[in-house]
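First the structure, in the form of structure tokens, and then the observations on it.
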Amino acid sequence: MDARLEAIRDTVLARNPGEGEFHQAVTEVFESLGPVHDRHPEFLEGAILERLCEPERQIIFRVPWVDDAGRFQINRGFRVEFNSALGPFKGGLRFHPSVNLGIVKFLGFEQIFKNALTGMPIGGGKGGSDFDPRGRSDAEIMRFCQSFMTELYRHIGEYTDVPAGDIGVGGREIGYLFGQYKRITNRYESGVLTGKGISWGGSLVRPEATGYGTVIFAEEMLKTRGLSFDGQRVVVSGSGNVAINAIAKAQTLGATVVACSDSSGYIVDEAGIDVALLRQIKEVERGRLKDYEARRSAVTYVDGGSVWDLDATVALPCATQNELDGAAAARLVRHGLLAVGEGANMPSTRDAVAVFQEAGILFGPGKAANAGGVATSALEMQQNASRDSWSFAHTEERLTEIMVGIHDRCAATADEYGDPGNYVLGANIGGFVKVADAMLAQGLI
Numbered sequence: 042m043d044a045r046l047e048a049i050r051d052t053v054l055a056r057n058p059g060e061g062e063f064h065q066a067v068t069e070v071f072e073s074l075g076p077v078h079d080r081h082p083e084f085l086e087g088a089i090l091e092r093l094c095e096p097e098r099q100i101i102f103r104v105p106w107v108d109d110a111g112r113f114q115i116n117r118g119f120r121v122e123f124n125s126a127l128g129p130f131k132g133g134l135r136f137h138p139s140v141n142l143g144i145v146k147f148l149g150f151e152q153i154f155k156n157a158l159t160g161m162p163i164g165g166g167k168g169g170s171d172f173d174p175r176g177r178s179d180a181e182i183m184r185f186c187q188s189f190m191t192e193l194y195r196h197i198g199e200y201t202d203v204p205a206g207d208i209g210v211g212g213r214e215i216g217y218l219f220g221q222y223k224r225i226t227n228r229y230e231s232g233v234l235t236g237k238g239i240s241w242g243g244s245l246v247r248p249e250a251t252g253y254g255t256v257i258f259a260e261e262m263l264k265t266r267g268l269s270f271d272g273q274r275v276v277v278s279g280s281g282n283v284a285i286n287a288i289a290k291a292q293t294l295g296a297t298v299v300a301c302s303d304s305s306g307y308i309v310d311e312a313g314i315d316v317a318l319l320r321q322i323k324e325v326e327r328g329r330l331k332d333y334e335a336r337r338s339a340v341t342y343v344d345g346g347s348v349w350d351l352d353a354t355v356a357l358p359c360a361t362q363n364e365l366d367g368a369a370a371a372r373l374v375r376h377g378l379l380a381v382g383e384g385a386n387m388p389s390t391r392d393a394v395a396v397f398q399e400a401g402i403l404f405g406p407g408k409a410a411n412a413g414g415v416a417t418s419a420l421e422m423q424q425n426a427s428r429d430s431w432s433f434a435h436t437e438e439r440l441t442e443i444m445v446g447i448h449d450r451c452a453a454t455a456d457e458y459g460d461p462g463n464y465v466l467g468a469n470i471g472g473f474v475k476v477a478d479a480m481l482a483q484g485l486i
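Each residue of the sequence shown is one higher than the one before, starting from 42 at the first, in the working numbering.
Here it is, written out as structure tokens:
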């Protein structure tokens, strides 16, 4: 790392102790930026990095609610509004026991660059709670969401901060959150949340967008070597919304997706994952992958373990941060891996990324490869603002244009800065320069 950047990085880490994921995200970006500051010393003079690493606003609040047994419960809510140089803060809400300030800050920091790469006028933010919706009744989730929004509503708005879903926050949760926002404010402000139901302001393709976009980005990477998804053996981690739609899109393009996972284990289906059955179990019944094995022949369920123990030519990590480590990466490379597209946020450890890059594997980092979700959220905001509703085909076409544009922007930036094929460098520099230019133009704020 450039010595000037290392000094700034060390100061950032010291100011934010104990936030390992945030430290990891900051370090990964800083490692790419040396060539930028050689060409643009004004970014150092304008304290761009120092300001970029300090959120504009960090909100932490108590979320009291009552469970079905009448017991009082207390959770903690977060919203980190990181950077609004390009537009209103934009980023999802995550409901999961692992959520803490460091997790939310790492996600929000990544979101700055991801949103910039889309070319849409949106800034970066993220939020959530340590509430676990798994195993809770609909009534409990509604009461929690209403309490959460009773505090959050004062900090958001279609021109201020526009949350969406993430892990643990799907259409059900967005519905409860929006209903409470509407009740408190007495306004039908459709653009305040994205990921809404189609009949009340949502966008077609939004549920599919992150998974589809990840596969579109990976397909563009494969094309640079004269390849495609057709005939590829694919392994996907996770079995939530992003994973399911990545599986569906990859198989539409001719791949065979042989495995996916949940927090308990993984399934191996050599004939290719039955997407309709997987959707029924995970999205309708809210079941576990173990249930998939019981309803389809010639399927193996592995309790525990890692889905990355399997061989694949394309890997799509779509579960959570730091799920794919260096040892797993090395094993995948030894067994014929060609490409990785990150459907989750920072799912590969720094060691894993180094293994992939040293082996010449096509590697699409999450801030580029999984930007389809937030891009389509911005398209939802466009439709809300114009009181319009677009067709599935038109919205998917726009998503494809955006993802191809992100790929091409990352590739061109890597070429420009002397490291062809390095999508990590391309994504970091491409996103950073756009935000940095806007921050300089707007003065010391």
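From the three backbone atoms N, C-alpha and C, an ideal C-beta is built for every residue, glycine too.
Computed from a predicted structure; not experimentally measured.
Secondary structure at S418: helix, using DSSP grouped into helix, strand and coil. Rounded to whole angstroms, the separation of the alpha carbons of E83 and L330 is 52 Å. For Q65, there is no enclosing beta strand (DSSP E); the enclosing alpha helix (DSSP H) has its first and last residue at 61-71.
Between V104 and F189, the beta carbon gap of about 5 Å places them in contact (Cβ cut-off 8 Å). Going by DSSP, D51 is part of no beta strand (DSSP E) but of the alpha helix (DSSP H) stretching over 44-56. S302 carries a strand assignment under DSSP once its states are collapsed to helix, strand and coil. For E122, the uninterrupted beta strand (DSSP E) run begins and ends at 113-124, by DSSP. Residue pairing by DSSP places T341 opposite V309 in a beta bridge.
Closest in alpha carbon position to L127, among A482, L481, I486, V476, is V476. For the pair K146 and F71, the CB atoms are not nearer than the 9 Å cut-off. Following the DSSP letters along the chain, one finds V474 in no beta strand (DSSP E) but inside the alpha helix (DSSP H) bounded by residues 464-482.
According to DSSP, T297 shares a beta bridge with R274. When the Cα atoms are used, L193 and R98 turn out to be separated by approximately 13 Å. Note that the C-beta distance between R135 and D179 is not below 9 Å.
In this structure, P96 and G149 form a Cβ contact; the two beta carbons are roughly 7 Å apart against a cut-off of 8 Å.
A check of alpha carbon separations from S278 across T255, D303, G238 identifies D303 as the nearest. Per DSSP, K146 has no beta-bridge partner at all. Residue environment for F258: buried (at least 16 other C-beta atoms within 10 angstroms of its C-beta).
DSSP assignment within the stretch 214-269 yields no whole beta strand (DSSP E) run of 3 residues or more.
Inclusion of E151 and G166 in the CB contact set at 9 Å is not warranted, their separation being larger than that value. With respect to the 9 Å criterion, A250 and N227 are not classified as neighbours on the basis of their beta carbons. Excluding sequence positions up to five before and after I314, its CB lies within less than 7 Å of the CB of I288, V298, C301, all in the same chain and listed in chain order.
In this structure, the alpha-carbon of V415 lies about 8 Å from that of K131.
Counted as a single uninterrupted DSSP element, the stretch harbouring L485 is not any alpha helix (DSSP H), since DSSP gives it neither H nor E.
Distance between A48 and E438, taken at the CA atoms: about 44 Å. Boundaries of the alpha helix (DSSP H) around P76: 75-80. The C-alpha of Y217 lies about 6 Å from the C-alpha of M183.
Shortest Cα-Cα distance from W349 to any of I215, N469, Y307 involves Y307. Excluding residues up to 5 positions away in sequence, G306 lie with their Cβ nearer than 6 Å to the Cβ of G345 in the same chain. Counting only residues of its own chain and dropping the five nearest sequence neighbours on each side, L351 has a CB closer than 6 Å to the CB of V276, A300. DSSP places K131 in the uninterrupted beta strand (DSSP E) bounded by 130-136. Rounded to the nearest whole angstrom, the CA to CA distance from G484 to G169 is 31 Å.
When the five nearest sequence neighbours on each side are left out, the beta carbons in the same chain lying within less than 8 Å of the beta carbon of V107 are those of F113, Q114, R184, in order along the chain. Secondary structure at W106: strand, using DSSP grouped into helix, strand and coil.
In the structure shown, the three-state DSSP call for A356 is strand.
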